[in-house]
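Okay, so here's the structure we're looking at.
In my numbering, the protein residues as written are 1 to 350.
Encoded structure:
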């Protein structure tokens, strides 16, 4: 099945007075498969929002191609826009209207039935606060309202820029369940741009990491983490003076795998690429070295992200799963989850 989103060689440059031009997008490539929650990650200024705005026809680009549902955009955007729901940057609403009236006006303008308004209010957990004026909503409640308006037309592609912005932990959990239900049970393709890396690790099936307008790595979340560090072993000894000898013994062991590395970090030895913890114990014992502590440490998405976005890639370079590069300085519920909130008791951040 062809990807829902296909981007190839996308370029966007902004001219700046008395300074070098800013290359917001520098040959970006991106593919998103159907029915997945896909994370779109990168440092500030890496081109994430620029890419989303270009996909939606909000800004023009200088080069490259974009396709959504197989249709080239922006030329064929009118043909596919009815199938897309989006929240990009800070949503704005008429502050004196209630949440329900806001959605009713949007539904009426799109020719949608009023019953759809009640459905999305229920889905995002705003039903009990629907009568309150938007000016009394917290930041998290306004974010829920923005997601509700994106869901009104039952989109096949949902694009969300920082959907957890302003949500408290309960709200973030509810949003995660909703997006996973939409993708896994309803077949909606969800693209999420977020800075909450721990949440992305729990939420997304796949992801793309970008830096300085270029793709650094893409793949499933598990593959990316496993392919860039995976599990390391921390080894300590009764006498720290044993560290150099232990590192040498492990790297010189008979059955040491080609990718094994042992590095000294203060009072400990960090071992990567070992076949298993028991092998390290045996190899050290064979060399007459005995340890006092051995602990396995698995990298998380945050540590991998920081590693991959540390220095810039060579222009045009793309990293495949299992390679490393230096770059510049849950089961879905059966039914849609609901979580009621009220304007007076909402715990989201202001």
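Each residue gets a CB set at the ideal place from its N, CA and C atoms; glycine is no exception.
Residue 239 classed as buried or exposed, judged by whether at least 16 other C-beta atoms fall within 10 angstroms:
Taking the chain shown and counting its residues from 1, the one referred to as residue 239 is at position 239. Counting Cβ neighbours within 10 Å, residue 239 comes out exposed, since fewer than 16 surround it.
Given a threshold of 16 other Cβ atoms within 10 Å of its Cβ, counted over all protein chains shown, does residue 109 qualify as buried or as exposed?
The count along the chain shown starts at 1 and reaches residue 109 at position 109. So residue 109 ends up on the exposed side.
Is residue 246 closer than 8 Å to residue 269 when the C-beta atoms are compared?
Within the chain shown, residue 269 is the residue found at index 269, counting from 1. Within the chain shown, residue 246 is the residue found at index 246, counting from 1. For residue 269 and residue 246, yes; Cβs fall inside 8 Å.
So, under 8 Å CB-CB, residue 39 and residue 194 are touching, yes? Tell me the CB distance rounded to an integer number of Å.
Taking the chain shown and counting its residues from 1, one reaches residue 39 at position 39. Taking the chain shown and counting its residues from 1, one reaches residue 194 at position 194. Yes, they are in contact, since the Cβ atoms of residue 39 and residue 194 sit about 7 Å apart, within 8 Å.
Take every Cβ of the region 116 to 132, pair it with every Cβ of the region 63 to 77, and state whether three or more of those distances are shorter than 8 Å.
no
Excluding sequence positions up to five away, which residues of its chain have a Cβ less than 6 Å from the Cβ of residue 176?
Locating residue 176 in the chain shown gives position 176, counting from the first residue. Counting only Cβ-Cβ distances below 6 Å, and skipping sequence neighbours, we find 203.
Three or more C-beta pairs below 8 Å linking the region 215 to 226 and the region 163 to 180
no
Would DSSP call residue 94 helix, strand or coil?
Stepping through the chain shown from its first residue, residue 94 is reached at position 94. Three-state DSSP puts residue 94 in coil, outside helix and strand.
Between residue 5 and residue 30, which are expected to be in contact by the criterion C-beta below 8 Å, what is the C-beta distance as a whole number of angstroms?
As a first step, residue 5 must be located in the chain shown, where it is residue number 5. As a first step, residue 30 must be located in the chain shown, where it is residue number 30. Going by Cβ atoms, the distance from residue 5 to residue 30 rounds to 6 Å, so yes, they are a contact pair.
Nearest to residue 226 (by Cα), restricted to the options 257, 273, 184
Here residue 226 refers to the residue found at position 226 when the chain shown is read from its first residue. Of the candidates 257, 273, 184, the one whose C-alpha sits nearest the C-alpha of residue 226 is 273.
Please tell me whether residue 149 has its Cβ less than 8 Å away from any Cβ of chain B.
Among the chains in the structure shown there is no chain B, since it carries only a single protein chain.
State the Cα-Cα distance for the pair residue 35 and residue 205, rounded to the nearest angstrom.
Here residue 35 refers to the residue found at position 35 when the chain shown is read from its first residue. Here residue 205 refers to the residue found at position 205 when the chain shown is read from its first residue. Looking at the two C-alpha atoms, the distance is approximately 10 Å.
Give the list of continuous beta strand (DSSP E) stretches no shorter than 3 residues that lie fully inside the region 51 to 133.
63 to 68, 71 to 73, 84 to 87
How big is the Cα-Cα spacing for residue 83 and residue 266?
The sequence position of residue 83 within the chain shown is 83, counting from 1. The sequence position of residue 266 within the chain shown is 266, counting from 1. Rounded to whole angstroms, residue 83 to residue 266 spans 55 Å at the Cα level.
Ordered along the chain, which non-local residues of its own chain (more than five positions away) have a Cβ less than 7 Å from that of residue 249?
On the chain shown, position 249 is the one that residue 249 refers to. Once the five neighbours on either side are set aside, the close Cβ partners of residue 249 are 283, 284, 287, 289.
Taking residue 252 as the reference, give the member of 166, 280, 296, 96 with the closest Cα.
The residue you call residue 252 lines up with position 252 of the chain shown. Looking at the Cα atoms, 280 is the closest of the given residues.
Any chance the region 103 to 123 sits against the region 133 to 142, with 3 or more Cβ pairs inside 8 Å?
no
Reduced DSSP secondary structure (H/G/I, E/B, other) of residue 227
Residue mapping note: residue 227 aligns to position 227 of the chain shown, counting from 1. Helix, per DSSP.
Given that a residue counts as buried once 16 or more other Cβ atoms are within 10 Å of its Cβ, and exposed if not, what is residue 95?
As a position in the chain shown, residue 95 is number 95, starting the count at 1. Exposed.
Where residue 155 and residue 7 are concerned, what is the direct C-alpha to C-alpha distance, given to the nearest angstrom?
Here residue 155 refers to the residue found at position 155 when the chain shown is read from its first residue. Here residue 7 refers to the residue found at position 7 when the chain shown is read from its first residue. Approximately 20 Å between the Cα atoms of the pair.
Can you list, in chain order, the residues of its chain whose CB lies under 7 Å from that of residue 257, leaving out five sequence neighbours each side?
Locating residue 257 in the chain shown gives position 257, counting from the first residue. Within the same chain, residue 257 has close Cβ partners 273, 275.
With distance defined between alpha-carbon atoms, name the residue in 28, 145, 91 nearest to residue 101.
Position 101 of the chain shown, counted from the first residue, corresponds to residue 101. Measuring from the Cα of residue 101, the nearest candidate turns out to be 145.
Per DSSP, residue 12 is paired with what?
The residue you call residue 12 lines up with position 12 of the chain shown. DSSP output for residue 12 lists 25 as bridge partner(s).
Is the Cβ-Cβ distance between residue 231 and residue 32 less than 8 Å?
Taking the first residue of the chain shown as position 1, residue 231 is located at position 231. Taking the first residue of the chain shown as position 1, residue 32 is located at position 32. Not a contact, by the Cβ cut-off of 8 Å.
Pairwise C-alpha distance: residue 116 and residue 10
Numbered from its first residue, the chain shown carries residue 10 at position 10. Numbered from its first residue, the chain shown carries residue 116 at position 116. Approximately 36 Å, taken between the alpha carbons.
Let me know if residue 17 comes out buried or exposed under the rule of 16 or more other beta-carbons within 10 Å of its beta-carbon.
The residue labelled residue 17 in the question sits at position 17 within the chain shown. By the neighbour-count rule (16 or more Cβ atoms within 10 Å), residue 17 is not buried but exposed.
May I ask which residues mark the beginning and end of the beta strand (DSSP E) holding residue 268?
Sequence index remark: in the chain shown, residue 268 carries index 268 (1-based). Residue 268 -> beta strand (DSSP E) spans 268 to 272.
Might you give, ordered along the chain, the residues of its own chain that have their beta carbon closer than 7 Å to the beta carbon of residue 296, omitting 5 neighbours on each side?
Numbered from 1 along the chain shown, position 296 holds the residue referred to as residue 296. These residues qualify, in order along the chain: 231, 233, 277.
Roughly how far, in whole angstroms, is the beta-carbon of residue 160 from the beta-carbon of residue 192, given that I think they are within contact range, below 8 Å?
Counting from 1 along the chain shown, the entry for residue 160 is found at position 160. Counting from 1 along the chain shown, the entry for residue 192 is found at position 192. Confirmed, Cβ separation roughly 5 Å.
Which whole-angstrom value describes the C-beta separation of residue 130 and residue 98, a residue pair presumed to lie in contact below a C-beta threshold of 8 Å?
What you label residue 130 is simply residue 130 of the chain shown in a count that begins at 1. What you label residue 98 is simply residue 98 of the chain shown in a count that begins at 1. About 6 Å; that satisfies the 8 Å criterion.
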